[in-house]
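Residue numbers (this note's numbering): 444 to 624.
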């Protein structure tokens, strides 16, 4: 797995590439994948990703997915029951997905075609809602690029959150590419 410095280097290199304007939702999505052990460092140093984007001439918007879960729970009419039986939260994954998508859409509406909308905290979604479904519902609203900070594994064209068994095939651009490592 790549170190933080290698990930930043690959990200900066990716930022230096020209942006095509006629791309599909998947092609406008970048998945910044890294070892789950780096999750806290990546999230804590999100400002470095923002600075690199701004230095490259791009705008920046950010959504912290992990902070949206408590706000969703606080407004959920089943919150008390869910606190007593947390294993039932997954049954309401559709509600959580709608909540996440709305927060992302709010940021996307203010986004220009030269902005990156970054999603951090994807690891907090494990067992609640799939990152794939968040990307698939959010990507159509993105005008510029969608950057997803992804603590997991990318191999054989498949992504696995937190190196879990379940994986999905998504045609996003992986950063760093496996050829870089």
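Note that CB positions come from ideal geometry on N, CA and C, so glycine has one too.
Here residue 468 is not bridged, per DSSP, to any residue. Cβ atoms of residue 471 and residue 581 stay farther apart than 8 Å, at about 11 Å.
The residues 444, in chain order, have a CB closer than 6 Å to that of residue 478 in the same chain once the five nearest residues on each side in sequence are set aside.
Bounds of the alpha helix (DSSP H) holding residue 490 are 489-498. Contact annotation, residue 537 with residue 559: C-beta distance approximately 28 Å; criterion of less than 8 Å not satisfied. Annotated three-state conformation of residue 545 is helix, per DSSP. Out of 528, 498, 483 and 501, the CA that lies nearest to the CA of residue 509 is found in 483. Spanning the alpha carbons of residue 545 and residue 525 requires a straight line of approximately 22 Å.
Less than 8 Å divides the Cβ of residue 563 from the Cβ of residue 505. Per DSSP, residue 561 lies in no alpha helix (DSSP H); the unbroken beta strand (DSSP E) holding it starts and ends at 558-563. The beta-carbon separation of residue 475 and residue 593, rounded to 6 Å, stays under the 8 Å limit for a contact. Contact check for residue 503 against residue 491 fails: the beta carbons are separated by 8 Å or more.
No Cβ-Cβ contact shorter than 8 Å links residue 489 with residue 458. In the structure shown, residue 550 falls within a helical segment according to DSSP collapsed to helix, strand and coil. Excluding residues up to 5 positions away in sequence, 458 lie with their Cβ nearer than 6 Å to the Cβ of residue 499 in the same chain.
In this structure, the beta-carbon distance from residue 577 to residue 535 does not fall below 8 Å. With contacts defined as CB atoms closer than 8 Å, residue 450 and residue 619 qualify as a contacting pair. For residue 456, the uninterrupted alpha helix (DSSP H) segment begins and ends at 447-458. Taking the CA atoms as reference points, residue 461 sits about 21 Å from residue 551.
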